[in-house]
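2 protein chains.
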Amino acid sequence: MAEERGSADRAPLSRGRVLRAAVALADASGASGASGASGADAISMRRLAQELGVVPMALYKHVANKEELLDGMVDMVVGEIARPAPGAGWKSAVRQQILSARSVLLQHRWAARVIESRTGPTPAVLAYLDSVIGTFRDGGLSADLTHHVMHALGSRLLGFSQELFDTGRSTPPPSTPGGSAPDLAGAYPRVAEIAAAAAHDADSAVGGGCDDRFEFEFALDLLLDGIERLHHRGWTSASP
Amino acid sequence: MAEERGSADRAPLSRGRVLRAAVALADASGASGASGASGADAISMRRLAQELGVVPMALYKHVANKEELLDGMVDMVVGEIARPAPGAGWKSAVRQQILSARSVLLQHRWAARVIESRTGPTPAVLAYLDSVIGTFRDGGLSADLTHHVMHALGSRLLGFSQELFDTGRSTPPPSTPGGSAPDLAGAYPRVAEIAAAAAHDADSAVGGGCDDRFEFEFALDLLLDGIERLHHRGWTSASP
DNA sequence: CTTGCCGAGTGTACGCCGTACACCTAGGGT
DNA sequence: ACCCTAGGTGTACGGCGTACACTCGGCAAG
Chain A
1 MAEERGSADR APLSRGRVLR AAVALADASG ASGASGASGA DAISMRRLAQ
51 ELGVVPMALY KHVANKEELL DGMVDMVVGE IARPAPGAGW KSAVRQQILS
101 ARSVLLQHRW AARVIESRTG PTPAVLAYLD SVIGTFRDGG LSADLTHHVM
151 HALGSRLLGF SQELFDTGRS TPPPSTPGGS APDLAGAYPR VAEIAAAAAH
201 DADSAVGGGC DDRFEFEFAL DLLLDGIERL HHRGWTSASP
Chain B
1 MAEERGSADR APLSRGRVLR AAVALADASG ASGASGASGA DAISMRRLAQ
51 ELGVVPMALY KHVANKEELL DGMVDMVVGE IARPAPGAGW KSAVRQQILS
101 ARSVLLQHRW AARVIESRTG PTPAVLAYLD SVIGTFRDGG LSADLTHHVM
151 HALGSRLLGF SQELFDTGRS TPPPSTPGGS APDLAGAYPR VAEIAAAAAH
201 DADSAVGGGC DDRFEFEFAL DLLLDGIERL HHRGWTSASP
C-alpha cells in the first residue's frame, strides 16, 4: 500500500490525497508569478483535478462539493496548530496558543479568507475551541466569563489579524493610479499622521507596512489583560 | 432632469443609479425565498443589469469592473454611518460611533463579507477612519497610541463582530445532518458547556443564538477600557 | 470459470459568471 | 450638414461548479 511510484503518480486518489493536494495548490499559488490566480482564487475543482492528473468529476467521488473541499482544507490547516505546553498559567497558555495559530495562518495565507467564507464550524475548529475553552476553565475562569471571552476573541483565536485592509500596500486601488499622492496627506490628514507613526522602527516587516507582529500582540495583550482583570474582579454577566 | 417617469423607469442610468440599485439588490437578496442566491452571492453584473432593465455590458460604461462596483457599494454603505455627537469624551464618542457602524452593517448583512473581500481602502472608509482617528487625537491620545489602537480595533471599527462562525445556527454543516446530536455534547464537552452558558437570558436574539449585541459590546468595552488605561498610564511603544 | 455487482474514474453537457470587442444610435457642438 | 462622442447593444470566449450517464477493472458468489 505504501507504494506510489513513477513520474505520473497514479496513487489511487483518496479524500486525504485530494485535501493535501488542495492545500499544496493553494500554498503554491500565493503571489503567483504567472498563469494563475493567487491564493484562494486558485482553488478550483478543475485546477485541482488537473494537478492530480485526473478529470474534474473524479474529485466528487471523494468530496461532496466544493464547500466540503474547503471545509476539509480548513480542518487540515487548523490541525497544524500546535497544542500548548501544559505548564504555564491560562493567560500565557492562551497567548502562546493564539500566536501559534497565527504562525500557521501566516504559512497558509489563503486560509484566512477561506475560513472567513465558511458558515459553520468544522470538526477541527471545534476541537481547537474546545481546547482553548479548557485552558480558560482549568485556569479558574467561570463558564459565564469564558463564554463571553470566547466571543470577544472571536476569529483572533485562530490567528486572524482582523485588519481593515490587509495592511501594507496602501496607495492606489481607489482613485487614479498614475496621479500624484495628494490624496492621503491632503484629504485624510489624520490618517496620514497616524500612518506616519508607523515608520517608528522598520525592523520586522519586509517592506513598507506596519509591524504586523507587534500590532497583533498589542491587540491580543489588550484583550488578555482585560480578561485577566475581569477574572480577578469576579466579573459576571451582571456588573457595573 | 428631475423627470423620471412611467412604469419601466428609463432614467438615463448613471454611476449613482447603478450603485444604488446594486445595494438595493443585495439588501433584497438576504435570505431569499426562492430563485436567487443570498446576500453577496446575489450581486452579479448580469443580475444587476437585469434589475435595471438593461443589458449587462451597459454597466461597464459606469463602473470599470465588478471590483469597482463592490468598492462603490462599500462606500455607499460606509457613508451611511452616522457622525458622532460632538459633546462627549473620546471614549463614549468612539463607542457610539462603532455601535452606529454596527447598526448599519446589520441593515446590510451582505456588506461585511463584501468589505472583507476588498484589498484596499475606499475613500469613504478612509474618511471614516480619519474621523475616528480625529476623535482619539482630540481626546488627547498620542499619535503613537492611536496608531496601535486603530490596528487593535481593526474591522470592529466598522461594526464587524469578528465571530468565528457567524453565530446562531449551530448544528449540522459538517457531519451527518439526519443523525442525532451526540456530536457536540459528546466530542466537545467544553464547547457544549460554554454553549449552554449562552442560554442565560433569551431576550434580544431572535432564535437560538447568543445575544449578539451583548457580546459585541462586551468585546468593545474590553478594548476601550484597556485603551483608556493605557492612555492614563502614558503608554508608548516602549513599555513593560 | 463465469457472472454480476460495485466503486473509482470518464465524457459530455448545462447554466452561470465576468468581460473583450465591434457595433449602433441619438443628441449636440461646429 | 457634418462628425464626434457618450451611452446602450449583441455576440462571443473562457472559466466555473456540477448533474448525469457511461465505462472499466477487480472481486465475491455461484
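Which chain is which? The protein sequence lines are A and B, in order.
Heads up, the first sequence is in this note's numbering, so the first residue is 1 and it goes up one at a time.
Heads up, the second sequence is in this note's numbering, so the first residue is 1 and it goes up one at a time.
All C-beta atoms in this analysis are idealised placements derived from N, C-alpha and C, irrespective of residue type, glycine included.
Backbone secondary structure at residue i - three-state DSSP
{"i": "B/I43", "result": "coil"}
{"i": "A/S237", "result": "coil"}
{"i": "A/V63", "result": "coil"}
{"i": "A/A26", "result": "helix"}
{"i": "B/Q50", "result": "helix"}
{"i": "A/S161", "result": "coil"}
{"i": "B/R156", "result": "helix"}
{"i": "A/A82", "result": "coil"}
{"i": "A/L145", "result": "helix"}
{"i": "B/G186", "result": "helix"}
{"i": "A/A11", "result": "coil"}
{"i": "B/R17", "result": "helix"}
{"i": "B/S170", "result": "Residue confidence is low: B/S170 scores 44 on pLDDT, short of 50, so the model does not pin down where it sits. No coordinate-derived value is stated."}
{"i": "B/G179", "result": "Below a pLDDT of 50, predicted positions are generally treated as unreliable, and B/G179, at 40, falls in that range; no measurement from the model is reported."}
{"i": "B/M1", "result": "Confidence is the limiting factor: at B/M1 the pLDDT is only 38, short of 50, which leaves the residue's position unreliable and the question unanswerable from this model."}
Delimiting residues of the alpha helix (DSSP H) encompassing residue i
{"i": "A/G243", "result": "In the structure displayed, chain A extends from 1 to 240; residue 243 of chain A sits before or after that span and is not available."}
{"i": "B/V125", "result": "123-138"}
{"i": "B/M57", "result": "Segment: none, B/M57 is in no alpha helix (DSSP H) and carries neither H nor E."}
{"i": "B/R113", "result": "111-117"}
{"i": "B/K91", "result": "90-107"}
{"i": "A/A196", "result": "189-196"}
{"i": "A/L223", "result": "212-232"}
Distance between beta carbons of residue j and residue i, contact taken as under 8 Å
{"i": "A/L158", "j": "B/L153", "result": "A/L158 to B/L153, Cβ: 19 Å. No contact."}
{"i": "B/W110", "j": "B/G30", "result": "7 Å"}
{"i": "B/D75", "j": "B/P121", "result": "Contact flag wrong, Cβ pair sits at about 10 Å."}
{"i": "B/A26", "j": "B/A37", "result": "No, B/A26 and B/A37 are not in contact; Cβ-Cβ is about 10 Å, not under 8 Å."}
{"i": "A/L19", "j": "A/A58", "result": "Incorrect: roughly 14 Å between the Cβ atoms, too far for contact."}
{"i": "A/H108", "j": "B/C210", "result": "Actually they do not touch by this definition, with Cβ atoms about 29 Å apart."}
{"i": "A/D144", "j": "B/A197", "result": "5 Å"}
{"i": "B/V132", "j": "B/Q97", "result": "6 Å"}
{"i": "B/A21", "j": "B/L52", "result": "5 Å"}
{"i": "A/A116", "j": "B/E116", "result": "Ala is not the amino acid found at residue 116 of chain A; the sequence shown has Glu there. With a Cβ gap of about 6 Å, A/E116 and B/E116 count as contacting."}
{"i": "B/R190", "j": "A/G134", "result": "5 Å"}
Top-ranked residue by Cα proximity to residue i, from the options
{"i": "A/P84", "options": "A/V94, A/V78, A/D75, A/V77", "result": "A/V94"}
{"i": "B/M73", "options": "B/E51, B/P86, B/I98, B/A112", "result": "B/A112"}
{"i": "A/Y128", "options": "B/Y188, B/D138, B/S237", "result": "B/Y188"}
{"i": "B/L126", "options": "A/G89, A/E193, A/P86", "result": "A/E193"}
{"i": "A/H148", "options": "A/D212, A/F216, A/S237", "result": "A/S237"}
{"i": "B/R137", "options": "B/R17, B/A21, B/E228", "result": "B/E228"}
{"i": "B/F214", "options": "A/L48, A/S161, A/S239, A/E217", "result": "A/S239"}
{"i": "A/Y130", "options": "B/V104, B/T119, B/K61, B/G186", "result": "The sequence given here places Asp at residue 130 of chain A; Tyr does not occur at that position. Considering only alpha carbons, the answer is B/G186."}
{"i": "B/S100", "options": "B/G139, B/L69, B/R156", "result": "B/R156"}
{"i": "B/G79", "options": "B/D221, B/V23, B/W235", "result": "B/V23"}
{"i": "B/A82", "options": "B/R102, B/W90, B/K66", "result": "B/R102"}
{"i": "B/M45", "options": "B/K66, B/K61, B/L230", "result": "B/K66"}
{"i": "A/T119", "options": "B/T119, B/Q162, B/G139", "result": "B/Q162"}
{"i": "A/S142", "options": "A/I115, A/H232, A/R15, A/A40", "result": "A/H232"}
{"i": "A/G87", "options": "A/K61, A/G139, A/F218", "result": "A/G139"}
{"i": "B/S92", "options": "B/W235, B/L224, B/G234", "result": "B/L224"}
For the stretch 149-165 of chain A, enumerate the residues whose C-beta is nearer than 9 Å to any C-beta of chain B, in chain order. V149, M150, H151, A152, L153, G154, S155, R156, L157, L158, F160, S161, Q162, E163, L164, F165
In chain order, what residues of the stretch 31-64 of chain B put their CB closer than 9 Å to some CB of chain A? none
Going along the stretch 72-88 of chain B in order, which residues come within less than 9 Å of chain A, judged by CB to CB distance? D75
What are the residues of the stretch 118-129 of chain B that lie near chain A, defined by any Cβ-Cβ distance shorter than 9 Å? Against chain A - using a Cβ distance shorter than 9 Å - the residues of the stretch 118-129 of chain B are R118, T119, G120, P121, T122, P123, V125, L126, A127, L129.
Going along the stretch 132-151 of chain B in order, which residues come within less than 8 Å of chain A, judged by CB to CB distance? I133, G134, R137, A143, D144, T146, H147, H148, M150, H151
What residues from the stretch 102-119 of chain A come within 7 Å of chain B, judged by C-beta to C-beta, listed N to C? Against chain B - using a Cβ distance shorter than 7 Å - the residues of the stretch 102-119 of chain A are E116, R118, T119.
Residues within the stretch 222-235 of chain B neighbouring chain A, beta-carbon criterion of under 9 Å: Here the close residues are L222, L223, D225, G226, I227, R229, L230.
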